[in-house]
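Quick note, the sequence shown lines up with residues 221 to 876 if you use the numbering used here. Here a beta-carbon is modelled for each residue, glycine too, at the ideal position from N, C-alpha and C. Report on the following structure.
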Amino acid sequence: MIWTTTPWTLPANQAVCLHPDIEYALVKVKDEVLVIAAQLVESVAKACGLSGYSVLAVKRGGDPVDGFRMLQCRRPLSEGLSPVLLGDFVTLDQGTGCVHIAPGHGQEDYALVLDYNASAAPGARLEIVAPLDDAGRFTESVKEFAGQHVLKANAGIVERLRTDGLLLGHSTLTHSYPHCWRCKSPVIFRATKQWFVSMDEKGLRRQALAEIGRVTWIPARGRDRIYGMIENRPDWCLSRQRVWGTPIPAFICAACREVLADPKVINHVADLVAQRGADVWFQKPAQDLMPSGTVCRKCGGHAFEKEKDILDVWFESGVSHAAVLKPRGQGWWPADLYLEGSDQHRGWFHSALLTSVTTDDRAPYKAVLTHGFVVDGAGKKMSKSAGNVVAPQDVTKQLGAEILRWWVAAQDYQEDLRISQEILTRLVEQYRKVRNTCRFLLSNLYDFDPAAHRVPFERLPELDRWALLRLYHLVTKVRRAYDEYDFRQIVHEMDYFCAVDMSAIYLDILKDRLYTFQRDSPLRRSSQTVLFDVLVALTKVMAPILSFTAEEVWRMLPAGARGNPETASVHLADLPVPDPRWADQTLGRRWERLLELRAAVQNVLEASRREKVIGSSLEAAVTLEVDPQKGHRRQVRAVLELSGCSGHVPRPSHVV
């Protein structure tokens with residue numbers, strides 16, 4: 221006993237499906253025995269008004285001895301018998317536990333029948349029947365309802381079942397049914413002939429899965445996502461029924477309907493398209509698109525029709541690696557990086573992988589990076605109706621393109637990217653720190669010629685060598701972050717370097733040297749040497765993100781700073797390479813202690829300022845308990861920026 225909400229699919233019935241692990245009852249009603257899921261007998265009897273029934277036996281659907289697999293059922297509206305099949309998709313939520321199978325009208329039904337046919341004897345295989353035309357009307361194969369639209373034929377089909385004594389119950393219910401998103405009409409599922417790429421016949425699935433493991437996926441979870449999709453996807457349906465698109469270069473014999481799609485014909489069409497464009501397919505008749513003398517290999521016919529289907533647009537985008545990169549010559553293919561939103565694991569990344577493995581036995585990319593989608597400051601999807609859209613054109617107009625680029629780099633692109641006026645305002649302040657740092661550096665290099673005034677590293681004072689140590693760490697971390705596409709880390713490192721290492725510490729301490737020392741003073745030139753190295757390196761590391769700012773700074777560098785003519789633009793220069801001499805870790809540990817001391821003293825001075833004891837730090841002098849063996853007095857005095865600083869040996873109970 222089957223139950224269906226789509227009576228119009230009954231003419232296409234090919235089988236009945238039971239669940240292998242569900243128990244089914246043999247229910248005697250008058251002179252008939254019905255098969256119903258044991259758990260549903262009572263509810264089915266009530267719905268159909270069955271009385272006086274008795275349960276003769278209960279059997280598991282997939283029982284190898286007493287099961288139902290050998291049963292044959294008479295089809296209700298067509299000739300032939302329908303076998304009983306087993307499937308895990310059968311549920312006990314509704315119906316009888318016995319499912320009507322019409323492989324021409326449902327994906328699960330279709331897959332079940334394909335699986336059955338794979339092991340069935342040739343004479344026992346089931347057909348994929350869909351007796352409908354393109355307008356959704358029954359064809360002549362369903363004589364009684366031929367020409368009727370299937371949805372309007374439901375009532376007639378129900379009445380026919382009643383007349384034939386095959387209808388045990390009938391009711392009206394409201395349930396979920398797929399509708400067209402555009403016109404809101406009910407959707408009819410119909411199996412039609414299509415062009416497919418087999419995933420398993422020649423090992424495409426196996427090879428594609430192997431290639432996934434050879435690609436770098438950023439973030440790493442992208443690998444598992446596309447692996448699962450490829451592992452479980454069905455064969456790829458390449459054809460689409462649309463009026464215009466990229467044609468499938470195949471022909472159908474007008475006499476015997478044999479399909480002709482051999483390499484010679486396909487290459488001939490490809491040459492015509494290369495010469496005249498894709499429209500040639502739609503403008504020329506079939507005989508003008510085929511090599512002269514072409515005949516049907518089956519019947520010898522000379523008359524052909526063009527294939528009307530077009531290619532799936534994902535196939536078009538998927539072969540871009542061959543259409544764009546390969547013509548450029550050696551070194552361009554495979555691509556270094558494919559970059560798109562996370563939805564493209566199912567789209568572009570997916571189709572590109574399959575087409576490339578099919579034709580070239582490898583993935584078309586070395587790495588794949590995916591990102592989230594832009595949402596508002598609260599994490600909600602942006603829409604005009606919600607009034608929360610932040611247009612990039614508006615951001616560029618109000619704040620400049622650099623702020624938009626800085627925002628993109630500052631986000632964790634592995635998640636959705638939030639944007640709001642508040643977020644942008646905060647980033648504007650970050651950007652200003654970087655820009656003002658560059659302005660300060662440039663303003664103090666107006667009389668510096670690196671060829672004439674550079675101070676050798678060995679003669680740099682400790683403060684300057686500390687600044688180069690910080691630059692060493694910046695460049696090292698930024699280079700690694702660029703290699704790992706970790707742009708947010710780059711923004712963080714640049715912000716900290718400019719705001720803390722430079723503005724708050726080094727440049728703050730340096731002002732006396734720059735503004736009060738003689739022009740050619742060794743200490744002033746030492747400072748300028750470091751300022752120059754910092755500015756050149758900073759400009760290069762910011763260039764991929766703050767492209768316009770970096771170029772502006774680059775063009776204002778002191779004469780000869782840009783090097784060779786080919787580096788007239790910062791975007792033609794390589795990223796800086798950190799000088800290993802700068803990596804003095806012993807100096808770094810010493811200065812960590814000095815800066816801790818500076819912070820402690822500044823806290824005391826800040827408290828004195830709040831209490832109106834002093835106005836600025838230059839009005840203060842401090843006395844420190846110091847270890848005479850460490851000899852830090854000169855550095856301490858410079859770091860603290862005070863009018864006076866003295867020290868004495870600490871008492872045994874004190875440690876400094």
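- Message: Using a Cβ distance threshold of 8 Å, determine whether the segment 285-303 contacts the segment 375-384, with at least three qualifying pairs required.
- Response: yes
- Beta-carbon proximity of residue 583 to residue 523, cut-off 7 Å: no
- Task: Could you round the C-beta distance between residue 460 and residue 377 to whole angstroms and report it? I think they count as a contact, below 8 Å.
- Result: Contact doesn't hold; Cβ gap of about 31 Å is too wide.
- Message: If you measure between the beta carbons of residue 261 and residue 245, is that distance less than 7 Å?
- Response: yes
- For residue 524, which residues does DSSP report across the bridge? 473
- Message: Tell me the rounded alpha-carbon separation between residue 624 and residue 548.
- Response: 32 Å
- Message: With distance defined between alpha-carbon atoms, name the residue in 609, 812, 371, 221 nearest to residue 690.
- Response: 812
- Query: Which stretch, first to last residue, makes up the beta strand (DSSP E) that contains residue 587?
  - Reply: 585-591
- Kindly confirm or deny that the segment 397-413 and the segment 350-365 touch, where touching means at least three C-beta pairs closer than 8 Å. yes
- Task: Assign residue 237 to buried or exposed, taking buried as 16 or more other Cβ atoms, counted over all protein chains shown, within 10 Å of its Cβ.
- Result: buried
- How would you label residue 748, buried or exposed, when you count the other beta carbons within 10 angstroms and need 16 or more for buried? buried
- How big is the Cα-Cα spacing for residue 216 and residue 592? The requested residue 216 is not part of the displayed model; the chain covers only 221 to 876.
- Are at least three pairs of beta-carbons, each pair with one atom in the segment 310-320 and one in the segment 222-238, less than 8 Å apart? yes
- Message: Buried or exposed, going by whether 16 or more other CB atoms sit within 10 Å of the CB of residue 793?
- Response: buried
- Task: To the nearest angstrom, report how far apart residue 632 and residue 399 are at their CA atoms.
- Result: 37 Å
- Message: Tell me the residue span of the alpha helix (DSSP H) that contains residue 302.
- Response: Looking at the DSSP string, residue 302 is not in any alpha helix (DSSP H); the run it does join, the beta strand (DSSP E), is 301-306.
- Message: Please give me, in chain order, every unbroken run of the alpha helix (DSSP H) with length at least 4 that falls completely inside the segment 362-392.
- Response: 374-383
- Outcome for residue 666 when other beta-carbon atoms lying within 10 angstroms are tallied against a minimum of 16: exposed
- Reduced DSSP category for residue 617 - H, G, I as helix; E, B as strand; rest coil: helix
- Tell me, which residues are paired with residue 561 by DSSP? 591
- Query: Can you tell me where the beta strand (DSSP E) with residue 576 in it begins and where it stops?
  - Reply: Unbroken run through residue 576 is the alpha helix (DSSP H), 568-580; no beta strand (DSSP E).
- For residue 576, which residues of its own chain have a beta-carbon under 7 Å away from its beta-carbon, when the five flanking residues on both sides are left out? 541, 582, 583, 584
- Query: Should residue 697 go down as buried or exposed, given a rule of 16 or more other Cβ atoms within 10 Å for buried?
  - Reply: buried
- Item | residue 638 versus 613, 590, 599, residue with shortest Cα-Cα distance | 599
- Local Cβ density within 10 Å of residue 558, reported as buried at 16 or more and exposed below that: buried
- Under the three-state reduction of DSSP, which class applies to residue 493: helix, strand or coil? helix
- Cβ-based neighbour list, residue 634, same chain, cut-off 6 Å, excluding 5 preceding and 5 following: 439
- Message: Can you give me the C-alpha to C-alpha distance between residue 692 and residue 544, rounded to a whole angstrom?
- Response: 40 Å
- Which first and last residues belong to the beta strand (DSSP E) in which residue 709 is found? Where residue 709 is concerned, there is no enclosing beta strand (DSSP E), although the alpha helix (DSSP H) it sits in stretches over 707-716.
- What is the DSSP secondary structure of residue 484, counted as helix, strand or coil? helix
- Task: Indicate the three-state DSSP secondary structure (helix, strand or coil) for residue 812 in the structure shown.
- Result: helix
- Where does residue 463 sit, in a helix, a strand or coil, going by DSSP? coil
- Hey, how far is the Cα of residue 230 from the Cα of residue 256? 19 Å
- Task: Just grab the DSSP bridge partners of residue 321 for me.
- Result: 235
- Are the beta-carbon atoms of residue 687 and residue 726 separated by less than 7 Å? yes
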